[in-house]
Amino acid sequence: MLAQQRRQAILERVRRTGGARVAELVRDLGVSDMTIRRDLEVLANRGLIEKVHGGATATGAGSTEEPGFAAKSMRQQTEKDAIARHAARLVQPGGAVALSAGTTTWALAHHLVEVPELTVITNSVQVADVFHRAGRSDQTVVLVGGVRTPSDALVGPVAVAAIRSLNVDTLMLGIHGMSPRAGFTTPNLLEAETDRELVAAARQLVVLADHTKWGIVGISTIARLDQAHVVVSDTGLPDEARAELSEHIGELILADPARDREPGRRIPAP
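The sequence shown runs 1 to 270 under full-length UniProt numbering.
Below, the structure is given as structure tokens:
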């Protein structure tokens, strides 16, 4: 592959997915780490991408950028489903669990419909709809009110007031990004406030985040890394992230999308 063809391939991936990591590009394009870094430098100098630690993001992608639910649901589908199946094993029948908004928690909801006598608290329209469609009489689903965001979360004072009076066993938290400095973050200020109330309401915090979330920083912090009891990610998580998370959290679970994929199962499109 010629240098120009390789750079075009990198640019297309960054624009399609919102970002790319050096390690992934090295693996997929079959060239050296130094070659990829030079390619990223060339593309960044042309103003086509923005270089970040360990990779690149699409130009204009900032701490307040918030993709819509449908767009996010197309990203890392295999990883999200593997993460969801591992996270579902942490939920016991008869318990009370909160699910924040997000496409990974939405994938989790498709597995939790199999857990009997579950009480679910959520600020996600999409998550609530999964349980509604399942129609189980032994499950109770509470959808808090609020203002709807592009990611189909209900946020703001109404949601905060409703959540403040609740107590749950576990919060399954979907996030926009995570980093050592900023912790777990979101690009939406009101959603951050609502998610912080969910964190406060739960005895256990489980964060669901595929490997692409590492190094991404949204404008507002939901929780510090050391507030998470468990982080469920996937085997694409870089070594530096594994070391950092293992130092701060109680348990790091890495789902293997290649091995953990359930034959014949496909999460339906939203």
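Just so you know, even glycine gets a beta-carbon here, dropped at the ideal spot from N, CA and C.
- Here the stretch 172-186 lies against the stretch 220-230, with 3 or more beta-carbon pairs under 8 angstroms apart.
- Beta-bridge pairing by DSSP links W214 to M178.
- By the C-beta density criterion, H53 is exposed, having fewer than 16 other C-beta atoms within 10 angstroms.
- I49 and E117 have their alpha carbons spaced roughly 48 angstroms apart.
- Looking at the DSSP output, R21 bridges to G55.
- Taking G177 as the centre and dropping the five residues before and after it, the same chain places the C-beta of T185, K213, I216, V217 and G218 closer than 6 angstroms to its C-beta, in chain order.
- Comparing alpha carbon positions, the residue from D81, T104, A159 and D28 closest to I121 is A159.
- By the Cβ test, the stretch 191-210 is in contact with the stretch 159-175, since at least three Cβ pairs between them sit closer than 8 angstroms.
- Bounds of the beta strand (DSSP E) holding L205 are A202 to L208.
- Here G47 is exposed. Its C-beta has fewer than 16 other C-beta atoms within 10 Å.
- For secondary structure counted as the alpha helix (DSSP H) over 4 or more consecutive residues, the stretch 110-189 holds these complete runs in sequence order: 125-134 and 157-164.
- Taking C-alpha positions only, A202 is separated from L43 by approximately 44 angstroms.
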